[in-house]
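Which chain is which? The protein sequence lines are D and G, in order. Those letters in the first sequence? Residues 2 to 423, per our numbering, in order. Those letters in the second sequence? Residues 2 to 423, per our numbering, in order. Glycine included, every Cβ here is placed at the ideal spot set by N, Cα and C. First the structure, in the form of structure tokens, and then the observations on it.
There are 2 protein chains.
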Amino acid sequence: MTAATPVTEGIVRKEAPKHAELEGFGVRDNCLTVGGVPVTRLADRVGQTPFFAYDRRLMTARVESLRKALPKDVHLHYAMKANPMPAVVQHMARIVDGLDVASAGEMQVALDTGIDPLTISFAGPGKTPQELSCAVAAGIVINMESPYEMEVIARIAEKQGLRPHVAIRVNPDFELKTSGMKMGGGPKQFGVDAEQVPAMLKRLGELDLAFHGFHIFSGSQNLREEALEEAQEKTINLAIELARHAPTPPRMVNIGGGFGIPYFPGDKRLDIERVGANLERLMPRARQELEGAEIVVELGRYLVGEAGVYVARVVDRKESRGQVFLITDGGLHHQLSASGNFGQVIRKNYPVAIANKMDLPAVEEANIVGCLCTPLDRLGDKVPLPRGEVGDLVVVFQSGAYGRSSSPTAFLGHPEPAEILV
Amino acid sequence: MTAATPVTEGIVRKEAPKHAELEGFGVRDNCLTVGGVPVTRLADRVGQTPFFAYDRRLMTARVESLRKALPKDVHLHYAMKANPMPAVVQHMARIVDGLDVASAGEMQVALDTGIDPLTISFAGPGKTPQELSCAVAAGIVINMESPYEMEVIARIAEKQGLRPHVAIRVNPDFELKTSGMKMGGGPKQFGVDAEQVPAMLKRLGELDLAFHGFHIFSGSQNLREEALEEAQEKTINLAIELARHAPTPPRMVNIGGGFGIPYFPGDKRLDIERVGANLERLMPRARQELEGAEIVVELGRYLVGEAGVYVARVVDRKESRGQVFLITDGGLHHQLSASGNFGQVIRKNYPVAIANKMDLPAVEEANIVGCLCTPLDRLGDKVPLPRGEVGDLVVVFQSGAYGRSSSPTAFLGHPEPAEILV
Numbered sequence: 002m003t004a005a006t007p008v009t010e011g012i013v014r015k016e017a018p019k020h021a022e023l024e025g026f027g028v029r030d031n032c033l034t035v036g037g038v039p040v041t042r043l044a045d046r047v048g049q050t051p052f053f054a055y056d057r058r059l060m061t062a063r064v065e066s067l068r069k070a071l072p073k074d075v076h077l078h079y080a081m082k083a084n085p086m087p088a089v090v091q092h093m094a095r096i097v098d099g100l101d102v103a104s105a106g107e108m109q110v111a112l113d114t115g116i117d118p119l120t121i122s123f124a125g126p127g128k129t130p131q132e133l134s135c136a137v138a139a140g141i142v143i144n145m146e147s148p149y150e151m152e153v154i155a156r157i158a159e160k161q162g163l164r165p166h167v168a169i170r171v172n173p174d175f176e177l178k179t180s181g182m183k184m185g186g187g188p189k190q191f192g193v194d195a196e197q198v199p200a201m202l203k204r205l206g207e208l209d210l211a212f213h214g215f216h217i218f219s220g221s222q223n224l225r226e227e228a229l230e231e232a233q234e235k236t237i238n239l240a241i242e243l244a245r246h247a248p249t250p251p252r253m254v255n256i257g258g259g260f261g262i263p264y265f266p267g268d269k270r271l272d273i274e275r276v277g278a279n280l281e282r283l284m285p286r287a288r289q290e291l292e293g294a295e296i297v298v299e300l301g302r303y304l305v306g307e308a309g310v311y312v313a314r315v316v317d318r319k320e321s322r323g324q325v326f327l328i329t330d331g332g333l334h335h336q337l338s339a340s341g342n343f344g345q346v347i348r349k350n351y352p353v354a355i356a357n358k359m360d361l362p363a364v365e366e367a368n369i370v371g372c373l374c375t376p377l378d379r380l381g382d383k384v385p386l387p388r389g390e391v392g393d394l395v396v397v398f399q400s401g402a403y404g405r406s407s408s409p410t411a412f413l414g415h416p417e418p419a420e421i422l423v
Numbered sequence: 002m003t004a005a006t007p008v009t010e011g012i013v014r015k016e017a018p019k020h021a022e023l024e025g026f027g028v029r030d031n032c033l034t035v036g037g038v039p040v041t042r043l044a045d046r047v048g049q050t051p052f053f054a055y056d057r058r059l060m061t062a063r064v065e066s067l068r069k070a071l072p073k074d075v076h077l078h079y080a081m082k083a084n085p086m087p088a089v090v091q092h093m094a095r096i097v098d099g100l101d102v103a104s105a106g107e108m109q110v111a112l113d114t115g116i117d118p119l120t121i122s123f124a125g126p127g128k129t130p131q132e133l134s135c136a137v138a139a140g141i142v143i144n145m146e147s148p149y150e151m152e153v154i155a156r157i158a159e160k161q162g163l164r165p166h167v168a169i170r171v172n173p174d175f176e177l178k179t180s181g182m183k184m185g186g187g188p189k190q191f192g193v194d195a196e197q198v199p200a201m202l203k204r205l206g207e208l209d210l211a212f213h214g215f216h217i218f219s220g221s222q223n224l225r226e227e228a229l230e231e232a233q234e235k236t237i238n239l240a241i242e243l244a245r246h247a248p249t250p251p252r253m254v255n256i257g258g259g260f261g262i263p264y265f266p267g268d269k270r271l272d273i274e275r276v277g278a279n280l281e282r283l284m285p286r287a288r289q290e291l292e293g294a295e296i297v298v299e300l301g302r303y304l305v306g307e308a309g310v311y312v313a314r315v316v317d318r319k320e321s322r323g324q325v326f327l328i329t330d331g332g333l334h335h336q337l338s339a340s341g342n343f344g345q346v347i348r349k350n351y352p353v354a355i356a357n358k359m360d361l362p363a364v365e366e367a368n369i370v371g372c373l374c375t376p377l378d379r380l381g382d383k384v385p386l387p388r389g390e391v392g393d394l395v396v397v398f399q400s401g402a403y404g405r406s407s408s409p410t411a412f413l414g415h416p417e418p419a420e421i422l423v
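Structural data, given as structure tokens:
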């Protein structure tokens with residue numbers, strides 16, 4: 002199935018880049034299915050639009066394909082900031098080896114899954130004393146972002162009579178090239194500059210803290226295998242180098258992730274076998290030089306991003322000066338990234354479709370917009386589609402990550418979107 | 002007081018554009034005050050950071066200065082989407098002539114103020130049947146966005162046994178030039194193309210609806226007087242032209258607003274006297290040709306945007322490869338626009354300061370960032386500031402509009418910001 006459905010000659014230029022093939026969702030009786038259930042039926046089940054629907058089988062399939070591609074002894078963590086819906090986190094906790102949280106709020110959801118606290122790690126540049134106190138009491142691993150934070154943790158630990166497991170988040174001396182978001186290299190608010198880490202490790206040895214390892218994260222949403230391969234190699238080399246300064250051998254080295262998913266026309270799906278093979282090549286040295294350390298790959302978007310859709314209903318159809326507008330009850334207040342307003346410089350379309358007209362050919366180009374009183378509220382610009390009518394269900398694909406939780410749901414006072422895991 | 006405090010020679014290039022002078026907030030004993038109360042004391046009163054603090058006296062002063070500048074018989078409406086905090090809406094309802102709402106949720110807050118429902122108008126391109134039903138029952142004015150919506154309203158009205166007041170939102174055949182956001186001109190999801198309005202008015206006359214007038218809105222956040230003047234003239238001319246086709250004379254013509262406020266270095270404050278004088282010049286014709294119609298100016302951001310600050314506490318100070326980072330407990334999840342990620346193409350700094358060090362000279366350039374694990378989370382890039390330390394309170398000015406309500410507060414699971422009206 003392709004999101005850009007075949008179009009009649011002349012409506013779309015033939016050379017226009019296309020969205021990558023979407024995998025996993027089925028079509029039955031002209032209707033898109035999620036978890037095997039038609040989206041029209043899901044809308045009835047939810048009792049409202051708009052909503053997000055996530056497919057647990059696709060999440061499981063993604064984890065399984067990753068396990069096959071990655072070296073057997075690499076641990077897989079889920080960064081729950083990508084999709085913090087409690088049911089999703091519960092599901093992921095059963096199929097991955099650990100969870101990564103970005104706040105005390107996320108930590109509570111992670112702890113509710115019942116997984117071993119030592120497989121939960123907490124990273125974030127501005128942890129408050131209150132949050133650190135929660136984390137110490139919970140017994141999770143704290144990825145420390147600065148020497149100052151380490152001192153705060155040591156004081157809290159003394160007060161609570163606990164010896165917390167701490168890792169150092171390293172701002173590497175390289176960056177993940179051509180990454181959607183650079184998280185390392187150069188001056189950064191994240192982690193401790195690599196060159197400052199030896200001194201911090203020395204001080205760590207003087208404190209009553211259990212050294213757990215390193216978190217080295219150089220970027221995210223990358224679709225270029227060679228950039229990921231280069232970053233993986235540099236990351237492992239840096240961990241080996243830094244481990245020489247550690248008070249005790251690291252028990253964990255989190256090498257980040259950064260695996261991207263295709264969002265826009267022209268984006269090519271990542272060759273995960275190739276990335277896995279590269280890691281396999283690096284592992285013998287890692288096993289030897291970082292003996293006893295778990296090598297962790299941390300992924301958020303890559304695990305859940307393609308497993309979800311956003312569904313909104315068409316509430317008006319308008320033709321304005323030669324253009325068709327399908328006006329939905331959804332919008333950027335639920336799916337900010339798809340509107341092109343969250344960090345993107347140039348707006349491009351996410352893959353979209355009319356869920357209840359999947360087998361119909363495209364006959365027109367339509368703009369899909371939301372219900373907000375702002376011109377920013379666009380979900381699709383000039384998309385080739387079957388004729389859309391009031392009552393139709395528009396789906397935005399690639400909405401399983403950074404959808405609801407990263408959108409301004411209170412904007413203009415509209416109802417919150419529902420979320421279901423099917 | 003300037004947000005860009007004087008800096009020592011060499012730190013900032015002399016030719017760099019500056020933020021406009023900020024008006025209204027005072028400084029006492031080295032500390033910024035809001036509503037006459039030091040921000041440090043407000044932080045204690047709120048009991049948490051981050052928070053938004055709005056100054057009711059500044060809102061009142063802004064309305065008074067507008068009343069002075071605008072023709073006496075022009076009505077002033079508050080578009081509550083700019084800041085929907087209930088206490089703010091209650092305050093504004095007492096000092097303006099009407100409220101504009103963008104959803105049924107906002108409508109409920111507006112009705113709670115007790116103002117006459119016929120001074121509340123509801124615009125929005127994707128109103129659901131459910132929302133329209135609420136609006137009809139409430140007896141407010143509905144700004145209709147399409148012929149289809151009009152038919153839905155007529156059916157609801159018949160069912161409820163009511164005769165709702167309806168206005169037509171017009172997509173004009175011109176746009177507000179150099180506007181921050183274009184809301185009219187060309188093909189748009191908003192309103193009814195001007196050239197389609199006569200036919201819609203004819204149909205309106207056949208339905209059991211009370212014709213209320215027109216809503217003609219061409220753009221927002223404009224700082225160029227000549228562009229606003231041109232749009233005002235064209236808007237009034239268009240209303241006069243369209244009124245000729247109306248079944249009954251319009252009782253209201255909402256000419257929009259679009260008055261901008263200075264956010265970025267180099268932005269010049271709007272000359273409101275000049276804009277008011279232009280409207281005075283246009284009013285004699287409007288009074289004659291649109292006799293009996295209230296001319297309404299609808300403003301959101303302009304009324305409240307400069308009356309609020311966002312306050313976050315520094316929780317870490319970090320030096321990374323030659324740059325200073327002040328890491329706060331706030332961020333883009335509360336103040337998305339200030340981070341440069343909401344519709345902006347190029348990130349520029351909002352005016353910022355350290356609230357408890359207002360009288361100290363700038364001695365360094367610092368990056369002010371939030372607590373989120375994303376490089377998008379920046380509140381200030383290389384801002385000349387006094388030396389910032391853990392515990393200091395950072396303020397982001399111009400945060401009275403489109404702050405909390407247009408930000409993804411659930412992102413990464415951090416606590417919601419508080420809001421106070423002082």
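7 Å Cβ cut-off: residues of chain D touching residue i
i	result
G/L413	K82, A103, S104, E107
G/F326	Q190
G/N172	S321
Beta bridge counterpart(s) of residue i as assigned by DSSP
i	result
G/D101	G/A80, G/S122
D/I328	D/D317, D/V370
G/D194	G/N172
G/P39	G/T34
G/R63	Answer is none; G/R63 lacks a bridge partner.
D/I503	In the structure displayed, chain D extends from 2 to 423; residue 503 of chain D sits before or after that span and is not available.
D/H216	D/R170, D/N255
D/K183	D/G220
D/Y149	DSSP output for D/Y149 lists no bridge partner at all.
Residue nearest to residue i in terms of C-alpha spacing, selected from the options
i	options	result
D/I256	D/E226, D/P248, D/V171, D/K178	D/V171
G/K358	G/L33, G/A247, G/E295	G/L33
D/V28	D/T410, D/I369, D/I355	D/I355
G/I369	G/A247, G/S147, G/A313	G/A313
G/R156	G/L133, G/E176, G/E417	G/L133
G/A363	G/D272, G/F343, G/G389	G/G389
D/G456	D/G259, D/P409, D/V384	Chain D is shown only over 2 to 423; residue 456 of chain D falls outside these bounds and no answer can be derived.
G/E176	G/E227, G/E307, G/K160	G/E227
G/K203	G/P173, G/V35, G/R245	G/R245
G/A129	D/P416, D/F398, D/Q190	Sequence inspection shows Thr at residue 129 of chain G; the Ala mentioned does not correspond to that position. Closest option to G/T129, Cα to Cα, is D/P416.
D/M93	D/S104, D/L112, D/G106, D/A105	D/L112
Neighbour list for residue i in chain D, Cβ cutoff strictly below 9 Å
i	result
G/V142	The contacting residues do not exist; G/V142 stays about 15 Å from chain D at best.
G/T410	P409, T410, A411
Sequence-distant residues of the same chain with beta carbon closer than 7 Å to residue i, five excluded per side
i	result
D/A419	V47, Q49, F52
G/Q233	I256, N279, L280, L283
D/K319	F326, I328
D/G401	Y55, N84, V305, G306, E307, A308, G309
D/Q324	N368
Interface residues of chain G facing residue i [CB-CB closer than 8 Å]
i	result
D/A124	C374
D/Y149	D317, R318, K319, V391
Under 7 Å from the C-beta of residue i: neighbouring residues of chain G
i	result
D/T129	V316, D330
Residue i beta carbon near the ligand SAM (any heavy atom closer than 6 Å)
i	result
G/Y403	No copy of the ligand SAM occurs in the structure displayed, which carries no ligand at all.
Own chain partners of residue i with C-beta closer than 6 Å, once the 5 adjacent residues on each side are dropped
i	result
D/T249	F212
G/M151	M145
D/S338	Y403
Residues of its chain near residue i, where Cβ-Cβ distance is below 8 Å and the 5 sequence neighbours each way are ignored
i	result
D/R14	In this prediction, D/R14 has a pLDDT of 48, which is less than 50 and means its spatial position is unreliable; what the coordinates show is noted afterwards. For D/R14, where only same-chain residues beyond five positions count, there are no Cβ hits under 8 Å.
D/D30	P39
Complete runs of the alpha helix (DSSP H) confined to the region 223-271 of chain G [at least 4 residues]: 226-244
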